[in-house]
Structures are given as structure tokens and as C-alpha cells.
Amino acid sequence: MKKLVAAILSTATIAGVVASGVTAFATQTIDGREGDTSGEIQVNGIIGEFDNTTPGPDPVDPNAWINVTIPTTALFYTTEASNHTEIVSPNYKVINNSAVGVIVSVTGVDTPSNMGEVDLLNVNDIELFANGEATVVETELFTLTGNTGANADGDFGFNGEATPVDSSKESNPSFNLVLSFAPDLADEE
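Just so you know, the sequence shown maps onto residues -19 to -1, 1 to 170 in mature numbering (1 follows the signal peptide of the UniProt record, and there is no 0).
Structure (C-alpha cells):
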């Protein structure tokens, strides 16, 4: 009878923990010197397609948590008040749609074109270009909380300086900003 009650209680405990969605990363030590000869391990499962927008067990590939919305284009421009030497931009957002935090990093620039008039260009405080040449090194832009957190989105914008060849004529420098994303599993704990 004792074994039946113990089995029922163990099953109920495991079912309760699994149903609560709690993810445990702790370990336990079973020490026979203390009379312990058995232990319980919480087992979580994923049946069906993994949904990275809701809390649940970690997938095999932690990158499956990544689900962000980024702009498809962004703009920087010079101001008339500075005689077209000051570079500014609107603010843009990266929105975290996933249930866990996401680390957003600037990893590079791709296909720069006509950047010769750009003396300095930063995204937030991260240098991208100096004297028309790409200078960016991989740098964290910000860390976002999970989609229900207070910091589930982050802003970025461009600033810098330019020396126009002819400020009365428009030129159109361009490049692709390369961002990388990594799950912040510490945000789960």
C-alpha cells in the first residue's frame, strides 16, 4: 500500500510541475549516506510545432526561441540647419515577439555604396563608418526581455557627421545593417 501511495504522490507531483510550465535548471544529489536511494526528474515535452511566443520547455535548438520584428528599411539624413553636416535619423524599433529575452547585436555592414561623404556614422553609440570606410565590430546593441516584459522592444537610430561635396545636391549613400539575434535564456530564470 505504501508503494502505491508513493507512486500516486510522485505522479501527481510530476504532473503538477509539468502542468505549471516551470522550467527547472537545478540539479539534485542523491546520497545514500543520507538514506536517499531514489530521485525524481521533471520531464517536459513538446508535442507539435514549437511555439516561441509562449512560455514552455526549451527546444533542442535554443535559437528556435528567436522571433523578432525589425524594419525592412531605415533612413539617415543630414540637417539643413547644420548646412548638411549633421547626420540624424528617425528612431526605429526591434520588437521581441518571443517568450524569452533576445540579445540584439550589430554584427556588420554589407554592400556599402557611395559612403565617401560620410565622415562618421553610428547606430546608437556604435560606430559603423569613419571617413567613408566600414569600421564596425560586433557589438551588443541591446537586450530585450521576453514579449510580456517591460523592455520587449528596443529603439535604435543613426547619428554622425558628413562633408558633402555639394550640399545643394542630393547624394544617396546606402548599406545593409547586419543584426544578429541570440536567445537570452537567463531571462527565463
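Glycine residues also receive a C-beta, built at the ideal position from the N, C-alpha and C atoms.
Query raised in the report: In chain order, what residues of the same chain lie with their CB nearer than 6 Å to the CB of residue 17, ignoring the 5 residues before and after it?
Result: 11
Query raised in the report: When you compare only the Cα positions, how much space is there between residue 120 and residue 157?
Result: 16 Å
Query raised in the report: What is the C-beta distance between residue 165 and residue 84, in whole angstroms, given that I count them as a contact (C-beta under 8 Å)?
Result: 5 Å
Query raised in the report: Where does residue 143 land, buried or exposed, given buried means 16+ other C-beta within 10 angstroms?
Result: Buried is the call here.
Report task. Grab the span of the beta strand (DSSP E) containing residue 91 for me, first residue to last. Result -> 82 to 94
Requested in this report: Just mark residue 33 as buried or exposed, buried being the case when its beta carbon has 16 or more other beta carbons within 10 Å.
Outcome: buried
**Report entry** Reduced DSSP secondary structure (H/G/I, E/B, other) of residue 56
**Finding:** coil
Report task. Quick one: using the 10 Å Cβ neighbour count with 16 as the cut-off for buried, is residue 153 buried or exposed? Result -> Looking at its Cβ environment, which holds fewer than 16 other Cβ atoms inside 10 Å, residue 153 is exposed.
Query raised in the report: Among 14, 155, 15, 62, which has the Cα closest to the Cα of residue 109?
Result: 155
Query raised in the report: Is there contact between the region 123 to 138 and the region 77 to 92, where contact requires at least three CB pairs shorter than 8 Å?
Result: yes
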